[in-house]
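Here the structure comes first, spelled out in structure tokens, and everything after it is commentary.
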Amino acid sequence: MKHEIVLTQCKLVAASLEDYPTMQNMGRFYVYDMSEYIHDDGWSMPDNGLYECIDFKKYWQTEHAWPYFIRYNNELAGFVIIDKKGFHATTDFNMAQFYILRRFKGLGLGKYIAHFCFEQYKGNWEVMVIPSNIGAYQFWQKCIQQYTDDYKESHQVVSHLQNSEKIIFRFSSKP
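For the sequence shown, the UniProt record's numbering gives the first residue as 1, with consecutive numbering after it.
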């Protein structure tokens with residue numbers, strides 16, 4: 001049985017460029033977890049046994065990206081990266097990357113952190129999900145629906161993401 005998260009122990013901590021190696025290492029687990037849902041060739045286990053992730057350094061090389069670590073009781077529990085690369089021109093913020101370590105899933109930590117981000121970054125939001133990642137789709141649909149009933153969901157091919165199909169949730173966190 002999983003224990004409940006004490007939400008006052010959750011923190012979103014800004015990640016600096018010095019933290020890049022840690023986030024990149026965590027990215028391997030992110031890709032490993034996603035490989036359960038995505039069966040494309042690019043998601044196969046490499047011969048060296050180490051999953052690779054996109055290079056997160058790009059998020060420190062633009063002024064319109066905000067990388068964070070998620071900490072629970074001072075322990076690394078995941079990461080969040082917010083940027084402005086939405087599919088629609090009216091997008092203010094995009095949830096570029098969002099990862100909760102497996103041991104913290106299902107405890108409410110992800111929802112708490114996502115809602116906290118929506119409140120900290122007021123504006124028009126997009127959250128993109130790979131359609132075959134059923135777990136992420138179910139999480140974001142429920143999380144966003146609990147945040148607001150006023151959201152849109154669509155399937156789009158996103159050119160800046162290797163022309164891949166995404167499910168895009170759109171909503172506003174404006175006051």
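A virtual CB, placed ideally from N, CA and C, is assigned to each residue, including glycine.
Quiz item: With respect to 8 Å, is the separation between the Cβ of residue 59 and the closest non-hydrogen atom of the ligand MG below this value?
Solution: By its list of ligands, the structure shown contains no ligand whatsoever, and the ligand MG lies outside what it can speak to.
Self-check item: Sequence-distant residues of its chain with Cβ nearer than 7 Å to residue 71 (five each side left out)
Solution: 11, 13, 77, listed in sequence order.
Self-check item: residue 171 versus 104, 56, 50, 90, residue with shortest Cα-Cα distance
Solution: Looking from the CA of residue 171, the closest CA among 104, 56, 50, 90 belongs to 90.
Practice problem: Name the one or two DSSP bridge partners that residue 97 has. | Solution: As computed with DSSP, residue 97 is found in a beta bridge with 81.
Quiz item: What are the partner residues of residue 175, as DSSP defines its beta bridges?
Solution: Bridge partners of residue 175: none, in fact.
Self-check item: Residues bridged to residue 65 (per DSSP)
Solution: Looking at the DSSP assignment, residue 65 forms a beta bridge with 83.
Quiz item: Pick from 105, 61, 50: whose alpha carbon is nearest that of residue 136?
Solution: Taking only the C-alpha atoms, the option nearest residue 136 is 105.
Practice problem: Determine the extent of the beta strand (DSSP E) in which residue 10 is found, giving its start and end residues. | Solution: From DSSP, the beta strand (DSSP E) with residue 10 extends over 10 to 14.
Quiz prompt | Same chain only: Cβ atoms within 6 Å of residue 115, ignoring 5 sequence neighbours per side | solution = These residues qualify, in order along the chain: 147.
Quiz item: When DSSP labels each residue in this structure, what does residue 26 get in the three-state scheme?
Solution: In this structure, residue 26 counts as helix in the three-state DSSP scheme.
Quiz item: Straight-line CA distance for residue 167 to residue 155?
Solution: Rounded to the nearest whole angstrom, the CA to CA distance from residue 167 to residue 155 is 5 Å.
Quiz item: Quick one, are the C-beta atoms of residue 124 and residue 58 less than 9 Å apart?
Solution: For residue 124 and residue 58, no; Cβs fall outside 9 Å.
Practice problem: With DSSP collapsed to three states, give me the class of residue 137. | Solution: It is helical.
Quiz item: Run through DSSP, which three-state label would residue 17 get?
Solution: For residue 17, the secondary structure class from DSSP, reduced to helix, strand or coil, is helix.
Self-check item: Presumed contact (8 Å Cβ cut-off) between residue 60 and residue 20, rounded CB distance
Solution: Confirmed, Cβ separation roughly 6 Å.
Self-check item: CB contact flag (residue 113, residue 127, <9 Å)
Solution: Against a cut-off of 9 Å, the Cβ pair of residue 127 and residue 113 comes out as no contact.
Exercise. With DSSP collapsed to three states, give me the class of residue 1.
Key: Any reading at residue 1 must be qualified, since the residue scores a pLDDT of 43, below 50, and its modelled position is unreliable; the value itself is stated next. Residue state, collapsed to three classes: coil.
Quiz item: What is the rounded straight-line gap between the Cα of residue 140 and the Cα of residue 50?
Solution: When rounded, the distance between both Cα atoms is 28 Å.
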